[in-house]
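As given, the protein sequences belong to chains A and B, one line each in that order. At the far end of the first sequence sits residue 392, using the UniProt record's numbering, and the numbering has no gaps. At the far end of the second sequence sits residue 64, using the UniProt record's numbering, and the numbering has no gaps. Structure first, commentary second.
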Amino acid sequence: MTIQDTGVTEFPVRKPDVPFPPPQYADFRDRDGLVRSVLPTGCPVWLVTRHEDVRTVLTDRRISSNPSRPGFPNVAVTGGVPRQDQIPGWFVGLDPPEHDRFRKALIPEFSVRRVREWQPTIQSIVDEQIDAMLAKGDSAELVAELALPVPSLVISTILGVPPIDRDFFESRTKTLVSVQTTTEAERDVAVRELLRYLERLIALKQKRPGDDLVSRLLANGNLEPRELTGVVMLLLIAGHETTANNIALGVVTLLGNPRWIGDSRAVDELLRYHSVADLVALRVAVEDVEVGGQLVKAGEGIMPLIAGANRDDRNFGCPEDFDPGRSTRNHVAFGYGVHQCLGQNLVRAEMEIVYRTLFERVPTLALDTTPDLLRFKHDGTLFGLHTLPVRW
Amino acid sequence: MRIDVNDGRCVGAGQCVLNAPGLFDQDDQGMVKVLDQHPSGPDAAAVLQAVDMCPSGAIRVTGF
């Protein structure tokens, strides 16, 4: 729907009766150049939907991730947590070289090898959640009982949150991410309580270091304790709802495609197929730059649409099919460039362990509703399911 | 085929280790480490996949 006088295209706002990814993305990919649009907040942006162009935007050093730069797109706060980008250590909002000190300090904590060492811990967390679920009867609400607690318990263990505090930690992080049941004021309280808790945790680890991420970062001395609060908050938020949404959507897709249950290739295909973080990779041009044949001027906002890139038939054969056997695996579900998800290997391990354990232990698992009654997060920044009723 | 890496560019995403585990590893700092600088045969395809998937352009291959 182009308004012809201005060349501005309506932003594809998600609605309950429109499938995800929005069908307009296919049209956007076929247009020359990029698509000029306006976010619901009133911010003008260039929408980027081709795989190659999204990777260009996410790697070009003339394009910035810093929200304090003029022209940086402002998305609706719905579904996000307000003002985190003001917290010191919130390094997804920094560009190289300032960004690199934070990333480098954290890389060893999320390497392939380190994540492999965490697997038994993840397994026992998943086992305990499924034990509790099975003990309660023959049905469950899988978002609240499995998808949300697993990533929260995993990250709190990695950070070194004492076991006695994990219930507090989990309840506050849940308040933070559940748009549906939480008011803005309740979320503000949860953010403040969590920040205060994390400050106390960091002070505790300064006095009594343990074998955990926070203690190691303090010992390295590359980050200031006040920066560490932001870093830890970021790890917590970045890895929680994203992972939970992937877990829950993945269960639905695997139930509909049972021949891929138990195939580890399903994980990356689920990540591509669902692209839950479609809207999060916001950027602004700091110099004039050409992307996909389009001149983007300094100070203009850019929104790469991750689900657009991940359904681009220039890169993926039959992109609308869920096909874990496909040979093209270069999806951008975790982004691309220096900000590519630091925790991606942890997410893969959590998804793989959840699916394997859930379908092995609950082989009769089925939806406890009809697919058309599933309630998707059309109103949030991240795509996902509000609830997932299952029975066995 | 010859593999060269620029660990100043590496962002430690681990894509190379996942896609070509016998050829790449991450050192104690999580940075890319080449295990076999001159791979051949079926390994070459895995290396090209790793190059494509590296988010920071830290891997360069020549002579293939």
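Beta carbons: idealized from backbone N, C-alpha and C, even for Gly. Just so you know, these numbers come straight off a predicted model, no measurement behind them.
Going along chain B in order, which residues have a C-beta closer than 7 Å to the C-beta of residue i?
i: A:Ser111; result: Gly12, Gly14, Gln26, Gly30
i: A:Arg103; result: Val11
i: A:Asn345; result: Gly14
i: A:Pro12; result: Those do not exist, as A:Pro12 stays about 26 Å from chain B at its closest Cβ, beyond 7 Å.
i: A:Pro319; result: The contacting residues do not exist; A:Pro319 stays about 17 Å from chain B at best.
i: A:Ile158; result: Under the 7 Å cutoff, chain B gives no residues; its nearest Cβ is about 15 Å from A:Ile158.
i: A:Pro108; result: Asp28, Gln29, Gly30
Where DSSP assigns a beta bridge to residue i, which residues make up the other side?
i: A:Ile87; result: Looking at the DSSP assignment, A:Ile87 forms no beta bridge with any residue, so it has no partner.
i: B:Phe24; result: B:Val34
i: A:Phe376; result: A:Leu385
i: B:Thr62; result: B:Arg2
i: A:Ala366; result: A:Arg391
i: A:Glu10; result: A:Val38
Residues of chain A with a CB under 7 Å from the CB of residue i: which are they?
i: B:Pro55; result: Tyr336, Gly337, Gln340
Could you name the residues of chain B that residue i contacts, counting a contact when the two beta carbons are closer than 9 Å?
i: A:Ile202; result: Correct list: empty, because the minimum Cβ distance to chain B is about 22 Å.
i: A:Gln324; result: Looking at the sequence shown, residue 324 of chain A is not Gln but Pro. Chain B residues near A:Pro324: none, gap ~15 Å exceeds 9 Å.
i: A:Ile122; result: Those do not exist, as A:Ile122 stays about 17 Å from chain B at its closest Cβ, beyond 9 Å.
Residues in the same chain with beta-carbon distance under 7 Å from residue i, minus the five sequence neighbours each way, listed in chain order, please.
i: A:Thr243; result: Pro151, Val347, Glu350
i: A:His378; result: Arg14, Lys15, Pro16
i: B:Arg9; result: Ser56, Gly57, Ala58
i: B:Cys16; result: Phe24, Val32, Ala50, Cys54, Ile59
i: B:Val11; result: Pro55, Ser56
i: A:Leu201; result: Val161, Val214
i: B:Asn19; result: Ala46, Gln49, Ala50, Met53
i: A:Asp211; result: none
i: A:Leu236; result: Ile155, Thr173
i: A:Met133; result: Ala140, Glu145, Leu146
i: A:Arg391; result: Asp138, Ser139, Ala366, Asp368
Residue i touches chain A at which residues, Cβ-Cβ below 9 Å?
i: B:Leu35; result: Going along chain A, no residue has its Cβ under 9 Å from B:Leu35, so there is no contact; the nearest lies around 13 Å.
At a CB-CB cut-off below 8 Å, which residues of chain B make contact with residue i?
i: A:Thr242; result: The contacting residues do not exist; A:Thr242 stays about 16 Å from chain B at best.
i: A:Arg329; result: Asn19, Gln49, Met53
i: A:Thr59; result: Pro55, Ser56, Gly57
i: A:Ile155; result: Those within 8 Å of A:Ile155 in chain B number zero; the least Cβ separation is about 18 Å.
Once you ignore the five residues that flank residue i on each side, which residues in its own chain have a CB closer than 6 Å to its CB?
i: A:Arg69; result: Val284
i: A:Ala309; result: His51, Val54, Val332
i: A:Gln344; result: Phe334
i: A:Val296; result: Trp46, Ala285, Val289
i: A:Ser275; result: Ile306, Ala307, Asn310, Ala333
i: A:Asp263; result: Pro324
i: A:Phe91; result: His99, Phe102
i: A:Ile158; result: Leu213
i: A:Gln24; result: Pro12
i: A:Thr328; result: Phe316
Whose C-beta lies closer than 8 Å to the C-beta of residue i among residues of the same chain, with five residues either side of it excluded?
i: A:Val81; result: Residue placement at A:Val81 is poorly supported in this model, since its pLDDT is 43, which falls under 50; the coordinates still yield a value, given next. Once the five neighbours on either side are set aside, the close Cβ partners of A:Val81 are Leu176, Arg187, Val191, Ile237.
i: A:Gly79; result: Interpretation of A:Gly79 is limited by its pLDDT of 42, a score under 50 that renders its predicted location unreliable; the figure taken from the coordinates is listed afterwards. Contacts found: Val179, Lys377, Asp379, Gly380, Thr381, Leu382.
Notebook entry, point to check: Within the chosen definition, does the region 24 to 35 of chain B reach the region 94 to 102 of chain A through at least 3 CB pairs nearer than 8 Å?
Noted result: no
Checklist line | beta strand (DSSP E) runs contained entirely in the region 263 to 342 of chain A, provided each spans 3 or more residues | finding: Correct list: 283 to 285, 289 to 291, 294 to 296, 301 to 304.
Checklist line | the region 220 to 232 of chain A in contact with the region 357 to 365 of chain A per 3-pair CB rule at 8 Å | finding: Two segments are said to touch when three or more pairs of C-beta atoms, one from each, lie closer than 8 Å; by this definition the region 220 to 232 of chain A does not touch the region 357 to 365 of chain A.
Item checked: the region 230 to 249 of chain A in contact with the region 190 to 210 of chain A per 3-pair CB rule at 8 Å -> Yes: at least three Cβ pairs fall under 8 Å.
Checklist line | Entirely enclosed beta strand (DSSP E) segments - the region 17 to 102 of chain A, minimum 3 residues | finding: Listed in chain order, the complete beta strand (DSSP E) runs (minimum 3 residues) inside the region 17 to 102 of chain A are 35 to 38, 44 to 48.
Check: Is the region 144 to 161 of chain A in contact with the region 42 to 49 of chain B, if contact means three or more CB pairs nearer than 8 Å?
Finding: Segments in contact, no.
Note to self: Measuring CB atoms only, is the region 314 to 328 of chain A touching the region 115 to 125 of chain A, in the sense that at least three cross pairs come out at less than 8 Å?
What the structure shows: no
Next item on the list: Would you check if there are 3 or more beta carbon pairs closer than 8 Å linking the region 249 to 256 of chain A to the region 364 to 374 of chain A?
Entry: Because the criterion of three Cβ pairs below 8 Å is met, the region 249 to 256 of chain A and the region 364 to 374 of chain A touch.
Next item on the list: Mind listing, in chain order, the continuous alpha helix (DSSP H) runs of no fewer than 4 residues lying wholly within the region 123 to 165 of chain A?
Entry: Within the region 123 to 165 of chain A, the complete alpha helix (DSSP H) runs of at least 4 residues are 149 to 159.
Note to self: Does the region 275 to 295 of chain A come into contact with the region 54 to 67 of chain A, if we say contact requires no fewer than three beta-carbon pairs (one atom in each stretch) closer than 8 Å?
What the structure shows: yes
Notebook entry, point to check: Residue ranges of each alpha helix (DSSP H) run of no fewer than 4 residues wholly in the region 192 to 268 of chain A, ordered along the chain?
Noted result: 213 to 220, 225 to 238, 241 to 256
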